[in-house]
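Data first, discussion second: the structure below is written as C-alpha cells.
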C-alpha cells in the first residue's frame, strides 16, 4: 500500500448559515483518503457501524481508495453534529457520539505492514502507537492531534511525537502543545520534540511549514463560496501526503509543492458539503489551481535586490 | 514633494508583557513617513503641541522626512496609551487624548500642492477631503480608515473612497466597511466603491491585495522577537507607498513588490519600541529581507503542471 491513513469515519450533521446536510460522510480518514486518492492509492484503516451506507464505501472504492482496512462492526457509526457561525470560521459542536469508534483498535491488513507512507489521524495517541507498532519500516510518518489528547494524554502523545517525521496541526493546538503563546515559537518547539517537519494549519490564512531551519508560508487559496469547511484540515493533510508519496521524495521543493497541493485540495473540499467535491475532483482541476496558486503568490525580486544578491553570492 | 502623508502624530505610552515605553513618538504619520523615507523623500503634514520633543523632529529630518508641513501649536500633543495582551495580537487602549489634534486642519505647504503620491492616514474623512482639495492633480492617492469613521461618518467616507486609487485597511474594518462577513467578498465590495487597489492588512497573517480581478497574498515576514506591534500597519503602508513612489509605476509586478516591501518594513518596525527600528533601518537590511521574503514564499511549479500550462497557452 502506497499510503496508509488511520483515523475516524463518521456520519455528520452539518448546519451552515446557508444550508444543511444530515448523515453525510465525515471523519478525518474519509477526507484524508479521498484527498490523497488524487495522487496515490491510499489504504483506509477505520471502523464503521451497521448504519454506514454501502454507497459511501462504493464512493471510496470508485475513487481508488483501498478499503480493505475498513471494518464494519455491530452498532452505530461515529456521529458528529456541528453548526457553523456566520463567517464560517467558527463552529459549535452540537453532538458527538463515539459509538463503534469507542472500542476501535486499528488492525492493518497483513500486506500493508510494509507501507512506506503513513498518516496517523487525530485519534488517541495510544492507538497511533498501535499503528506504528504494526508497520515494519515506514519511510515517512505524519500525524495530527488535538486539544483533547494534548491535555488528557500528554505522555503517550510525546511518545508518538518522538517517532514521527511530520506533525500537521492547527495553530491553536500547536501553541497548546508547545505551551507558548506565539505560533512561530510553537512550531520550533514542536520540532524539538522529534518531527523534522512541522506544518501549522491556519484555516482561512493558509498554512506554514517549519523544516530544517527554514519557514515556508502558503496562503489559503481564495474560494468565493465556501459551502462547508468541515474536513478542510484533513483534506489538506491528504493532499500534502498524497503529493509527497507520489513524488517519493522529501526534498525542499517537493515539500513546498506538497504544501501547495494540500492547500489546493482543501480549497476544493470546502466548495461542497461533506466529501462531495473531493469525490468529483479531477487531476486537471488540481493542476490548474496549483498554477493559479502560484499566480496569487508569486512576485519577481526587484532588480536591485536581485543584483545585490547575485553579487553577494559571487 | 515625492509623497505626502497626512495623519496623526502622537506621544504614546506602550505596555507589553515584557516591557514598556512612555511618551515615545507614535501616530500614523510618524510610522508612515519614516517607513517611506527608505525609498523617497516624504512630506509630513501633521500637528504637535509644545510638549513634542525637538529631538524627535530632528530624527525625522535626519531620516530624510520633510517636516515643513508639521505644525507646532500651543497645547499638548495627541496622547495614546495601550497595553498589549500576552500574544501581542490584541491590545487594550488605556487612554486617548486628542489634545491639539482635535482642532487640526491640514495645511499643505504651497509647493506640495502638486505632489504626485499621497497617503491619507486614518483621520476624519472630511479632513481627508480637505487634503485632496489642496492637491492639484495627484497621480496616486491611498487612504486608511477605521471603525470610528465607518460608523460615524459613512457619507463623508464614501466621498473619499470615490476619489482614491487605493485603500489600505485592516481586515475587520474592511468587513465592517463593506457590510459583509467574508474578507474576500469585502475587498471586492470596497473596490466597487472606487479604489482600484484594495489592500487588506491581516496582522500576523500578512496582507492581501485585490486589484483588477486578481488576488495577491503576502504573508507577514516571520519575526522571532516582536517587541512592539504599534504602528505596524502604518509602517506597512509607508513601505508600500514609498516603494511605489520611487518606482514611479503601478503595474502588476511593481504593486506586488511594493506589498512585499511594505510587509518587510513592517516586520522591522515591530522589532523595537516606537519608531526606533524604522529610524535605524538601512537599504541593505531592507533588500536582504526582501530576498529572504521570497525564500519563505517561493515554490517551483511541479513539472507536470508547468508542461500542461505551457501546452494550454501554446
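Protein chains in written order, with this note's numbering: chain C, 1 to 314; chain L, 1 to 314.
The beta-carbon is built from N, C-alpha and C at its ideal position, and this holds for glycine as well.
Keep in mind that this is a model prediction, so the values were computed, not measured.
Where residue i meets chain C, residues with beta-carbon distance less than 7 Å
i                      : result
residue 194 of chain L : Going along chain C, no residue has its Cβ under 7 Å from residue 194 of chain L, so there is no contact; the nearest lies around 22 Å.
residue 256 of chain L : 299
residue 222 of chain L : 184 and 215
7 Å Cβ cut-off: residues of chain L touching residue i
i                      : result
residue 296 of chain C : 215, 216 and 217
residue 291 of chain C : 301, 305 and 309
As assigned by DSSP and simplified to three states, the class of residue i
i                      : result
residue 237 of chain L : helix
residue 275 of chain L : coil
residue 201 of chain L : strand
residue 16 of chain L  : strand
residue 140 of chain L : strand
residue 92 of chain L  : strand
residue 125 of chain C : helix
residue 250 of chain L : coil
residue 304 of chain C : helix
residue 42 of chain L  : strand
residue 120 of chain L : strand
residue 3 of chain L   : strand
residue 216 of chain C : strand
residue 299 of chain C : coil
residue 270 of chain L : coil
residue 184 of chain L : helix
residue 169 of chain C : strand
residue 316 of chain C : A question about residue 316 of chain C goes unanswered here, because the residues of chain C that appear run from 1 up to 314.
residue 151 of chain C : helix
residue 323 of chain L : Missing from the structure shown is residue 323 of chain L; chain L here goes from 1 to 314 and no further.
residue 157 of chain C : helix
residue 211 of chain L : strand
residue 130 of chain C : helix
residue 55 of chain L  : helix
Contact test: residue i Cβ vs the ligand GDP heavy atom, cutoff 8 Å
i                      : result
residue 201 of chain L : What this structure holds is no ligand at all, so the ligand GDP is not there to describe.
Amino acids of chain C, ordered along the chain, whose beta-carbon sits closer than 8 Å to that of residue i
i                      : result
residue 304 of chain L : 287
Close-in-space but distant-in-sequence residues of the same chain around residue i (CB under 6 Å, 5 per side omitted)
i                      : result
residue 266 of chain C : 232, 235 and 236
residue 186 of chain L : 174, 175, 178 and 180
residue 95 of chain L  : 81
residue 27 of chain C  : 8, 9 and 10
residue 316 of chain L : Examination of residue 316 of chain L is not possible in this model, given that chain L is present from 1 through 314 alone.
residue 31 of chain C  : 231, 234 and 235
residue 229 of chain C : 88 and 270
residue 218 of chain L : 206, 207, 259, 260 and 263
residue 107 of chain L : none
residue 141 of chain C : 118, 164 and 165
Close beta carbons around residue i, own chain, < 7 Å, minus the five adjacent residues each side
i                      : result
residue 44 of chain L  : 5, 29, 33, 60, 65, 66, 67, 69 and 70
residue 200 of chain L : 169, 171, 174, 183, 187, 207 and 208
residue 150 of chain L : 157, 173, 176 and 177
residue 210 of chain C : 187, 188, 191 and 198
residue 128 of chain C : 120, 143 and 160
residue 283 of chain C : 38
residue 83 of chain C  : 15, 91, 92 and 94
Where residue i meets chain B, residues with beta-carbon distance less than 7 Å
i                      : result
residue 181 of chain C : Looking at the structure shown, chain B is missing, and the protein chains on hand are C and L.
Outcome for residue i when other beta-carbon atoms lying within 10 angstroms are tallied against a minimum of 16
i                      : result
residue 105 of chain L : exposed
residue 152 of chain L : exposed
residue 49 of chain L  : buried
residue 212 of chain C : exposed
residue 21 of chain L  : buried
residue 74 of chain C  : exposed
residue 133 of chain C : exposed
residue 253 of chain L : exposed
Cβ-based neighbour list, residue i, same chain, cut-off 8 Å, excluding 5 preceding and 5 following
i                      : result
residue 52 of chain C  : 9, 11, 72 and 77
residue 39 of chain C  : 239, 242, 243, 245, 246 and 261
residue 86 of chain C  : 17
residue 125 of chain C : 145, 149, 153, 156, 157, 159 and 160
residue 79 of chain L  : 10, 11, 12, 13, 95, 96, 97 and 99
residue 301 of chain C : 309
Residue i: contacting residues in chain L (beta-carbon distance under 9 Å)
i                     : result
residue 52 of chain C : Neighbours of residue 52 of chain C on chain L: none; closest Cβ ~34 Å, over 9 Å.
Neighbour list for residue i in chain L, Cβ cutoff strictly below 8 Å
i                      : result
residue 202 of chain C : 205
residue 253 of chain C : 299 and 300
task: Give the residues from the stretch 103-117 of chain L that approach chain C closer than 7 Å (Cβ to any Cβ), ordered along the chain.
output: none
- request: Check distances from the C-beta atoms of the stretch 148-170 of chain L to those of chain C and list, in chain order, the residues that come in under 8 Å.
  value: none
message: Which residues of the stretch 258-278 of chain L have a Cβ closer than 9 Å to any Cβ of chain C? Give them in chain order.
response: 259, 260 and 261
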